[in-house]
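Positions 94 to 385 (our numbering) are the ones given, in order, by the sequence shown.
C-beta atoms are modelled at their ideal positions from N, C-alpha and C, and glycine is treated no differently.
Here the structure is a predicted model, which is why all the values come from computation and not from measurement.
Worksheet for the structure shown next.
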Amino acid sequence: MADDPTDIRRSRRWLLSRAGLAAAAVAVPSAFAAGTAAAEDVGTLATVDMEMVLLAAQVDPRKSGTGITPGCGDHVLRVEQRLNGRGHLNSAQVDGHYGTSTISGYSAYQRSLGYTGLDANGLPGRTSLTQLGGSAWSVTRPVSPGSRTDSYGGKRTNTRTVNMLAAADAMLSWRITLTQGSYTSSNPGSAGTHDGGGVIDISVSGLTSTQRWQMVKALRTVGFAAWLRTPDQGFAYHIHAVGISDPDLSSQAQSQVHDYYYGKNGLANHAADNTPSAYRVPLTWWEKYKRS
């Protein structure tokens, strides 16, 4: 199927009168052909906000329904329209909800561009998102992990995570010490969360209970989904942190962001977050924090 036209606000009547029924069948996006009112509304957008698309891609797939994450629907819908136009997503899933079908469809699109591994994880990267839009829309508020071979305290992670850790470190009177970095599957107990980027474990050795929670708060302030892991949960004391909206997140880490969004603990039991209210902060991510 052909890509969507640049000005998707053209009416079907105009297309039929100018180009005839056959041409209209090619030029009109399938979402319009299905009579989707939301798709017509989104045609007024000239841009797609990458931050909003990434947020939905982390939160939506694990929902019990097809609810739309606030602020994300219009941007997701534009992406879905283009995926549908390229044959990677059925028209029934063009709904503004970045669910498992959209994850799979975007991953298929990434593979069609020659990407593999983390570059085809279903989370939009700036390059693929820009190519998907073509001349129909431009990408705003792009997110990039930076180098995947950067490090913090000798532990591998990406540049975005390094910058986040440095900002959190500056809020504390002690240093953040990593016990595990990113892009590693060396620890089976991590259940795949560290296979991609943006995920680290942090030592709390020698810290008081208050200092541990202060560190959790600092990490959350700069855009991590961060939890203090405890013996009651089956762990030695440490902090586990996931960089919200990191485009390199593994599927398992994406699930933890979903949990964090809904006030859960990011573990298999999806229990309530154990963080005291005094150390919780409104959900944010690195790029949003930098604008604040």
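{"Item": "For Asp294, three-class secondary structure by DSSP", "Value": "strand"}
{"Item": "DSSP-derived helix/strand/coil call for His331", "Value": "strand"}
{"Item": "Cβ pair count under 8 Å reaching 3, the stretch 137 to 147 against the stretch 210 to 218", "Value": "yes"}
{"Item": "Limits of the unbroken alpha helix (DSSP H) element including Tyr191", "Value": "Segment: none, Tyr191 is in no alpha helix (DSSP H) and carries neither H nor E."}
{"Item": "Cβ-based burial, Gln273 [other Cβ within 10 Å; buried from 16]", "Value": "buried"}
{"Item": "Nearest-angstrom Cα separation, counted from Leu360 out to Thr270", "Value": "22 Å"}
{"Item": "Buried/exposed call for Ser221, threshold 16 Cβ in 10 Å", "Value": "buried"}
{"Item": "Alpha carbon of Gln349 to alpha carbon of Arg268, nearest angstrom", "Value": "25 Å"}
{"Item": "Element boundaries [beta strand (DSSP E), containing Lys248]", "Value": "Lys248 to Thr250"}
{"Item": "Where Asn251 falls, given that 16 or more other Cβ within 10 Å makes a residue buried", "Value": "buried"}
{"Item": "Inter-residue Cα distance where the pair is Tyr245 and Ser184", "Value": "44 Å"}
{"Item": "Short Cβ contact (8 Å threshold) for Val255 with Ser338", "Value": "no"}
{"Item": "Three-state secondary structure assigned by DSSP to Asp352", "Value": "helix"}
{"Item": "Delimiting residues of the alpha helix (DSSP H) encompassing Trp378", "Value": "It is not in any alpha helix (DSSP H) - Trp378 carries neither H nor E in the DSSP assignment."}
{"Item": "Cβ-Cβ distance between Tyr353 and Lys310 below 8 Å", "Value": "no"}
{"Item": "Cα-Cα separation, Gly226 to Val232", "Value": "8 Å"}
{"Item": "Tyr202 and Arg179 closer than 8 Å at C-beta", "Value": "yes"}
{"Item": "For Leu321, the first and last residue of its enclosing beta strand (DSSP E)", "Value": "Phe317 to Arg322"}
{"Item": "Alpha carbon of Tyr208 to alpha carbon of Gly336, nearest angstrom", "Value": "22 Å"}
{"Item": "Arg384 classed as buried or exposed, judged by whether at least 16 other C-beta atoms fall within 10 angstroms", "Value": "exposed"}
{"Item": "Beta-carbon proximity of Tyr330 to Val292, cut-off 8 Å", "Value": "no"}
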